[in-house]
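>
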Amino acid sequence: AFSLLSSFSSASCAYVLIVTAVYWVSEAVPLGAAALIPAFLYPLFGVMKSSEVAAEYFKNTTLLLMGVICVAASVEKWNLHKRIALRMVMMAGAKPGMFMAQGFRSVLTPRAAQILVLSPQLSEPDLSTKYRYQSRHDHMVCKCLSLSISYAATIGGLTTIIGTSTSLIFLEHFNNHYPNAEVVNFGTWFLFSFPISLIMLVLTWFWMHWLFLGCNFKETCSVSKKKKTKREEMSEKRIQEEYKKLGNVSYPEMVTGFLFILMTLLWFTREPGFVPGWSSFFEKKGYRTDATVSVFLGFLLFLIPAKKPCFGKREKGKARASPDINALDPIITWKDFQKTMPWEIVVLVGGGYALAAGCKTSGLSTWIGRQMLSLSSLPYWAVTLLACILVSLVTEFVSNPATITIFLPILCSMSETLLINPLYTLIPVTMCISFAVMLPVGNPPNAIVFSYGHCQIKDMVKAGLGVNLIGLAVVMVAINTWGIRLFQLNTFPEWAAVSNITSQI
315 AFSLLSSFSS
325 ASCAYVLIVT
335 AVYWVSEAVP
345 LGAAALIPAF
355 LYPLFGVMKS
365 SEVAAEYFKN
375 TTLLLMGVIC
385 VAASVEKWNL
395 HKRIALRMVM
405 MAGAKPGMFM
415 AQGFRSVLTP
425 RAAQILVLSP
435 QLSEPDLSTK
445 YRYQSRHDHM
455 VCKCLSLSIS
465 YAATIGGLTT
475 IIGTSTSLIF
485 LEHFNNHYPN
495 AEVVNFGTWF
505 LFSFPISLIM
515 LVLTWFWMHW
525 LFLGCNFKET
535 CSVSKKKKTK
545 REEMSEKRIQ
555 EEYKKLGNVS
565 YPEMVTGFLF
575 ILMTLLWFTR
585 EPGFVPGWSS
595 FFEKKGYRTD
605 ATVSVFLGFL
615 LFLIPAKKPC
625 FGKREKGKAR
635 ASPDINALDP
645 IITWKDFQKT
655 MPWEIVVLVG
665 GGYALAAGCK
675 TSGLSTWIGR
685 QMLSLSSLPY
695 WAVTLLACIL
705 VSLVTEFVSN
715 PATITIFLPI
725 LCSMSETLLI
735 NPLYTLIPVT
745 MCISFAVMLP
755 VGNPPNAIVF
765 SYGHCQIKDM
775 VKAGLGVNLI
785 GLAVVMVAIN
795 TWGIRLFQLN
805 TFPEWAAVSN
815 ITSQI
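If you're matching positions, the sequence shown starts at 315 in my numbering and goes up one per residue.
Set out below in structure tokens:
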């Protein structure tokens, strides 16, 4: 009777998983709405209690995202992102530095917001009508720059655990599935992914230059040019005018920038790994996470006034400030936060956790893992490579959050069955899912860049295929070199063995 009940529960869970996946892939309803399917089907089929399913929709990562979005809302409200973008374009111009700068800006800020800031600088109305495509070379430059800022944003987003929604989903699923594994945090992820991003930025720049502009790397990288073209002079003048309109750095910008840097430092130093972090100063361990830092600093933005306190003294030089700001107005309001907060992603991520919990409770994940025993004859690196290739193909047509949400429970079960360290598979797959750069539907930066009309689908496919191959090669080399040493991937960890035993009971 127990076996029959277990098989019915697994079949019901599989049905819910398939129905949810179909709605995600077809997008017949919004992704967030489709993520609510487990909330009512699991209780109806007896897979999980309604209270248990509801608890899966709000996790530690949700708080982490909310804190980060508070800072992002402040950055956007006070145009700090625009100031940084224009300043970097003024410093780097059209040289490789612009590509590298865009990549580094993506470390902690939303990719789509960056593309929206930088893309207009590449397609100003007065430049795109009178001087648009005077030659084939100009057209190729527009294609190269448009796609490059999209790829640089994607690559730069890999550097931190909060850089993409994909890595956030991975982090929460991993911590939820393996609660005893204190391995992945902001610091360890950065140590692993920063060299990957750096190498990929360099190789991708060479690939894009060769594809659209040929092999004249020396001329492009030359700091001193004989004479600037009329278009370059007009572009520089336009960018300088836009920067001057921003005025002096305002008090809210300084506060936001300070909290932004402080948040990064606290993340890095919480548990750096090679030395004790600030969390070791507290008696109880495991109580403080990256979400603790982001929520605390995000809360301060609701508390600190937008106008600089004078303390009875008048300022001689006044920084730029809006005249309609009240003395007691905070740097951000709840409306500012609401406009920026991606609630659909929160519900989507919660739906993924609910699906994973149902797979584990019903025994479906164990059954899937047993079907993977046929892969035991392959070397571990080949298993990981096949998984990366599979998700790279799927994610070009299905959204990144939906792809990783579907594959994470399957890959966890497969790794446990084959006695592979789960991180050896999960980390490369998480990164490869972010390389959805071949089609406009792959991710928001692709769609935004495509909308400017400089690139056709065939251009994105050709360029994106090369970026995909570069990313796959670099990630596989990384996970088999410094990744093994950093995460101890050459052994099957005890925390994975405990989870495997628990799921089989």
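Beta carbons are placed, not taken as given, at the ideal position from N, Cα and C, and that holds for glycine.
All figures in this text were calculated on a predicted structure; none of them were measured in a lab.
Might you give, ordered along the chain, the residues of its own chain that have their beta carbon closer than 6 Å to the beta carbon of leucine 611, omitting 5 neighbours on each side?
Leu573 and Met577
> So what does proline 619 bridge to, in DSSP terms?
Pro644
> With three or more C-beta pairs closer than 8 Å as the rule, is the segment 644-657 touching the segment 597-608?
no
> Among the candidates Val708, Leu662 and Trp695, whose CA atom is the shortest distance from the CA of valine 343?
Leu662
> From what residue to what residue does the alpha helix (DSSP H) around glutamate 366 run?
364-369
> Grab the span of the alpha helix (DSSP H) containing glycine 778 for me, first residue to last.
First-last of the alpha helix (DSSP H) with glycine 778: 771-793.
> Short of 6 Å in beta carbon distance, which residues of its chain neighbour histidine 768, apart from the five on each side in sequence? Order them along the chain.
The residues are Cys456, Lys457 and Ser460.
> Using DSSP with H/G/I as helix, E/B as strand and the rest coil, what is serine 388?
Here serine 388 sits in helix by DSSP.
> For the alpha helix (DSSP H) containing valine 697, name the first residue and the last one.
694-708
> My understanding is that serine 727 touches threonine 480, with C-beta atoms under 8 Å, so please give their C-beta distance in whole angstroms.
Beta-carbon to beta-carbon, serine 727 and threonine 480 are separated by about 20 Å, too far to satisfy the 8 Å threshold.
> Going by C-alpha distance, which of Val330, Lys772, Gly780 and Gly381 is nearest proline 357?
Val330
> Along the chain, where does the alpha helix (DSSP H) containing serine 737 start, and where does it finish?
Checking the sequence shown, residue 737 turns out to be leucine, not serine. That run of the alpha helix (DSSP H) goes 736-747.
> Got a sec? Which residues, its chain only, sit under 7 Å from serine 538 by beta carbon, not counting five neighbours each side?
Note that serine 538 scores a pLDDT of 47, beneath 50, so its modelled location is shaky and nothing firm can be said.
> Beta-carbon within less than 6 Å of isoleucine 724's beta-carbon, same chain only, minus the 5 sequence neighbours each way: which residues are those?
Ile682
> Take arginine 799 as the anchor and find which of Gly571, Leu527 and Leu505 has the nearest alpha-carbon.
Leu505
> With valine 607 and leucine 580 assumed to form a contact (beta carbons below 8 Å), what rounded beta-carbon distance in angstroms separates them?
Going by Cβ atoms, the distance from valine 607 to leucine 580 rounds to 5 Å, so yes, they are a contact pair.
> What separation, rounded to the nearest whole angstrom, lies between the Cα atoms of leucine 614 and leucine 783?
About 43 Å.
> Residues in the same chain with beta-carbon distance under 7 Å from valine 743, minus the five sequence neighbours each way, listed in chain order, please.
Ala701, Cys702, Val705, Phe721 and Leu725
> Compute the Euclidean distance between the alpha carbons of proline 509 and serine 388, then round it to the nearest angstrom.
One Cα belongs to proline 509, the other to serine 388, and the distance between them is close to 30 Å.
> Is the number of C-beta pairs between the segment 351-368 and the segment 663-672 that are closer than 8 Å three or more?
The segment 351-368 is in contact with the segment 663-672.
> Hey, leucine 394 and isoleucine 553: beta-carbon distance below 7 Å or not?
no
> DSSP state of alanine 353, grouped into three classes?
helix
> Using the beta-carbon count (16 or more within 10 Å), is valine 589 buried or exposed?
exposed
> Please report the residue range of the alpha helix (DSSP H) in which threonine 478 lies.
Looking at the DSSP string, threonine 478 is not in any alpha helix (DSSP H), and its letter there is neither H nor E.
> Looking at phenylalanine 806: is its Cβ nearer than 7 Å to the Cβ of leucine 737?
no
> Would you call valine 336 buried or exposed, if buried means 16 or more other Cβ atoms sit within 10 Å of its Cβ?
exposed
> Kindly list the residues whose CB is nearer than 7 Å to the CB of methionine 752, restricted to its own chain and excluding five residues on each side of it in sequence; keep chain order.
In its chain, beyond the 5 residues on either side, Glu710, Met774, Val775, Gly778, Leu779 and Asn782 have a beta carbon closer than 7 Å to the beta carbon of methionine 752.
> Going by C-alpha distance, which of Pro754, Met404 and Val789 is nearest lysine 772?
Here the closest residue by C-alpha is Pro754.
> Please list the terminal residues of the continuous alpha helix (DSSP H) segment that includes lysine 599.
No alpha helix (DSSP H) holds lysine 599; DSSP gives it neither H nor E.
> If the criterion is Cβ atoms closer than 7 Å, does the pair lysine 391 and aspartate 650 meet it?
Against a cut-off of 7 Å, the Cβ pair of aspartate 650 and lysine 391 comes out as a contact.
> On the DSSP letters alone, give me the boundaries of the alpha helix (DSSP H) that proline 509 sits inside.
Segment 500-527, the alpha helix (DSSP H) holding proline 509.
> Could you have a look at methionine 752 and say whether DSSP puts it in helix, strand or coil?
coil
> Is the CB-CB distance between leucine 803 and asparagine 735 below 7 Å?
yes
> What does the Cβ neighbour count give for tryptophan 503, buried or exposed, with the cut at 16 atoms within 10 Å?
buried
> What three-state label does DSSP hand valine 712 in the structure shown?
coil
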